[in-house]
Amino acid sequence: MRKVIYIEKDIKDLPRTKYILKKFKNPIIILIDRYSEVFNKKNQNFRLQKINPAIILAKKYKNFILETPKSYTIGKKNNYYFSYMYNCLFDCRYCFLQGMYNSSNFVIFINYEDFFKEISFLKKKNIGKNTTIFSGYDCDSLAYDNITNFSNSVLKYFENFNDIELEIRTKSTYLKPFYRRSLKNIVLAFSFTPERFSTKYELGVASLKKRVDALKKVVNFGWNIGIRFDPFVIYEGWEVDYERLFKILFSTVPREQIHSVTYGNIRYPKKIFNNIKKMYTNEKLFLKFEKNKKNIYDENNGELIDNFCKNYLFTQIDQSKVFCNIHEK
Amino acid sequence: MNKKNLRFVVALHIEAKSIISLYNLKKYKIRKKNFELYQNLGLNIWLVISGVGNINASEATKYLYQRSPINKKNIWINLGMAGSNNYNLGETFNIKKVTYKTKSYYTSTLVNNIISPGEIISVDKVEKEFSKQNVLYEMEAYGFIKEVEKFCDREQICIIKLISDNKKNAPTNFIKNTKFYINYNLENIEKLIDAHVKIASNINENNNSNLYLIQRKFNLTFSYRIILNDLVLNYQKIYPKNLLEKIIDESKDIKELINTLKNKIKIYTLRV
Ligand code: SF4
């Protein structure tokens, strides 16, 4: 299918715009003033757009990096995130993006360097040493990397930010740019759910075998690895599946290369939850979700997950590397 | 018969004629009418003749929305003739962007290899200059899309325009040519419309809750209706209808029924 690509007029002639356009055969180009006029409108159907998402090439002007919620950390005191892209190639049934945005079209902010410039201010402010920057909050950082070439720019810049830590989170197997000498301040973080669940609920994500093979390759290049069980999901037979998954992963990544392991339940703010619920009227995944005191919707399974993870993970790696994203009821 | 769920807004009868015969639409007879309507109830297709201009197009769109059945899968289509600087007479376009003065509007991103994508500049007076190349000039798309955006998702909005005149050719023989161009391209137009219908078939129908089963036995206050509707919707995702009927039968009052339903849902574990 031909791709529809919206381009902000101001960036239509920039080299990166041209580079991305070259990746598509005979695209349909529509010039726009600002990405928001296409992306933010209410009358859009996220699910229908997901069938063949359009691309919106845009420039970001402000808010390049933002603070994460207070408790969100993998060990450092200051935590920020940035999103050079909105939306994702994959289609996870639980993905919160579908409740957050009206559109599933991909917005790509092509001025990557402006993100890095903002990050370099942190270094100047002298808080770099105690800072983690998370990439992959509003997208999967690498799922579209063969089109955006984002990771190449990241590698170039982060070589100079050696005291600022960057987490690149992904479910992608496209890791080619990382088949090179590793950088100590970059953590490649991989999110996993058991294969049985993933096949049904994480459409477009490669099989566990393919993902583990890709993981092995970056491990061999010495990269720091983050393992993410976020979300951690409960279903019939989850214990056996998770034990198997844990065994596979912890036998793939040597202890000294595991930077951190995080886990958490599926949870949503009210508005996002209601939007997602409306999209899937027959879905059983959210059946037992209830509002908790903090106005967050989740299943009452935090303790179960926490106990299970602690029991297993603490026997495998140092407690200081394990982070729980389940919040007090 | 598979429903197509189409809503056409067309300025002139001559532009609508081929569509009327393609879908076997019949004139809809109402005593007081603002706009001429046609329909095929079996296919759920409706068409309104709006008259020329953005104000008429907007009013007719609103009128058709109020008169025809609301369906989540409805595709709203504006079909008609347009002028251009450089496009050839009879060329057909699947419009992706409509600009009126400084505002722009967007239709679905659905494209095919048969009808070229195009952009419209919508104007209030007949355009003769055609100052810009590679765009179409016409007088209804803005009125249509501005109105239709209020109740329809972008993916279900389709604008198809055919070139009736350009810088070199004034719109002479408008009736004869319009009839010819639309008829000539009708198969392609139908294919594009069918592609929209296919996409819309992915839209979730709302699940109807079996709340009425409860209402046969209990009188429900407004707040109980809301609580129970939600519970029943969740319950019926996992258990068959006859079990719900049994629980209702066995419940002495509404509180007991609510508790039973809640417990049944609580003990369910997701199967993958
Ligand atoms: S990979 Fe992440 S961002 Fe992409 S759909 Fe899944 S949950 Fe959403």
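Protein sequence lines correspond, in order, to chains A and B.
In case it helps, this note's numbering puts the first sequence at residues 43 to 371.
In case it helps, this note's numbering puts the second sequence at residues 468 to 739.
We treat Cβ as the ideally placed atom computed from N, Cα and C, and that holds for glycine.
All values reported here derive from a predicted model rather than from experimental measurement.
Item: What is the DSSP secondary structure of residue 256 of chain A, counted as helix, strand or coil?; Value: helix
Item: Please determine, among A/67, A/302, A/100, A/242, the residue with the shortest C-alpha to C-alpha distance to residue 74 of chain A.; Value: A/100
Item: Using 8 Å as the threshold, is the segment 536–551 of chain B in touch with the segment 604–614 of chain B, meaning 3 or more CB pairs across them?; Value: yes
Item: Are the C-beta atoms of residue 287 of chain A and some chain B residue less than 9 Å apart?; Value: no
Item: I want to see whether chain C comes within less than 9 Å of residue 669 of chain B, judged by CB atoms only; does it?; Value: Given the protein chain composition of this structure (A and B), no chain C is represented.
Item: Could you pull out every unbroken beta strand (DSSP E) segment of at least 3 residues lying fully inside the segment 539–603 of chain B, listed in chain order?; Value: 542–551, 559–567, 570–573, 583–589
Item: Run through chain B and tell me which residues come within less than 8 Å of residue 76 of chain A, C-beta to C-beta.; Value: Under the 8 Å cutoff, chain B gives no residues; its nearest Cβ is about 10 Å from residue 76 of chain A.
Item: If residue 148 of chain A and residue 129 of chain A are in contact, beta carbons under 8 Å, what's the gap, nearest whole angstrom?; Value: 5 Å
Item: Quick one: is the Cβ of residue 145 of chain A within less than 8 Å of any heavy atom of ligand 1?; Value: no
Item: Can a CB atom of chain B be found closer than 9 Å to the CB of residue 310 of chain A?; Value: no
Item: Pull up the CB-CB distance for residue 150 of chain A and residue 215 of chain A, whole angstroms please, since I reckon it's below 8 Å.; Value: Not a contact, Cβ separation roughly 20 Å.
Item: Which residues, in chain order, does the segment 615–628 of chain B contribute to contact with chain A at a C-beta distance below 9 Å?; Value: 615, 616, 617, 618, 619, 620, 621, 622, 623, 624
Item: Taking a cut of 9 Å between CB atoms, which residues from the segment 266–281 of chain A lie near chain B?; Value: 275, 276, 277, 278, 279, 280
Item: Could you tell me if the beta carbon of residue 19 of chain A falls within a distance shorter than 8 Å of some heavy atom in ligand 1?; Value: With chain A covering only 43 through 371, there is no way to say anything about residue 19 of chain A.
Item: Under the rule that 16 or more other beta-carbon atoms within 10 Å means buried, what is residue 91 of chain A, buried or exposed?; Value: buried
Item: In terms of residues, what are the limits of the alpha helix (DSSP H) holding residue 647 of chain B?; Value: 641–667
Item: Would you please state the rounded distance, in angstroms, between the beta carbons of residue 178 of chain A and residue 211 of chain A? I believe it to be under 8 Å.; Value: 4 Å
Item: May I ask whether a heavy atom of ligand 1 can be found less than 8 Å away from the beta carbon of residue 619 of chain B?; Value: no
Item: Within 9 Å of any Cβ in chain B, is that where the Cβ of residue 100 of chain A sits?; Value: no
Item: Select from A/234, A/261, A/227, A/52 the residue whose C-alpha is nearest the C-alpha of residue 98 of chain A.; Value: A/52
Item: In the DSSP assignment, find the unbroken alpha helix (DSSP H) run with residue 301 of chain A in it and report its ends.; Value: Careful: residue 301 of chain A lies outside any alpha helix (DSSP H), inside the beta strand (DSSP E) at 300–305.
Item: Closer than 9 Å by beta-carbon distance: list the chain B residues that pair up with residue 242 of chain A, in chain order.; Value: 739
Item: Quick test of the definition: if touching needs 3 or more C-beta pairs under 8 Å, does the segment 731–739 of chain B touch the segment 278–296 of chain A?; Value: yes
Item: Mind checking who residue 100 of chain A pairs with in its DSSP beta bridge?; Value: A/151
Item: Flag this pair as yes or no: are the beta carbons of residue 365 of chain A and residue 115 of chain A separated by less than 9 Å?; Value: yes
Item: If I'm right that residue 576 of chain B touches residue 144 of chain A with Cβ under 8 Å, what's the distance once you round it to whole angstroms?; Value: Between residue 144 of chain A and residue 576 of chain B the Cβ distance is about 14 Å, and since that is not below 8 Å, they are no contact.
Item: Between the C-alpha atoms of residue 697 of chain B and residue 320 of chain A, what's the straight-line distance to the nearest angstrom?; Value: 12 Å
Item: If you drop the 5 nearest sequence neighbours on each side, which residues of the same chain put their C-beta closer than 7 Å to that of residue 624 of chain B?; Value: 543, 574, 575, 612, 615
Item: Give the C-beta separation of residue 339 of chain A and residue 356 of chain A to the nearest angstrom, bearing in mind that I take them to be a contact with Cβ-Cβ under 8 Å.; Value: At roughly 29 Å, the Cβ-Cβ gap does not stay under 8 Å, so residue 339 of chain A and residue 356 of chain A are not in contact.
Item: State the CB to CB distance for the pair residue 485 of chain B and residue 650 of chain B, rounded to an integer number of angstroms; the pair is presumed to be in contact (CB under 8 Å).; Value: 5 Å
Item: From what residue to what residue does the beta strand (DSSP E) around residue 192 of chain A run?; Value: Element bounds for residue 192 of chain A: not the beta strand (DSSP E) but the alpha helix (DSSP H), 192–200.
Item: Please give the ranges of any alpha helix (DSSP H) in the segment 331–370 of chain A, keeping only runs that are unbroken, at least 4 residues long and fully inside the region.; Value: 344–358
Item: Quick check: the segment 345–362 of chain A against the segment 483–503 of chain B, are there 3 or more CB pairs under 8 Å?; Value: no
Item: Three or more C-beta pairs closer than 8 Å, one from the segment 123–140 of chain A and one from the segment 181–200 of chain A: is that the case here?; Value: yes
Item: Between residue 321 of chain A and chain B, is any beta-carbon pair separated by less than 9 Å?; Value: yes
Item: Rounding to the nearest angstrom, what Cα-Cα distance links residue 594 of chain B and residue 638 of chain B in this structure?; Value: 11 Å
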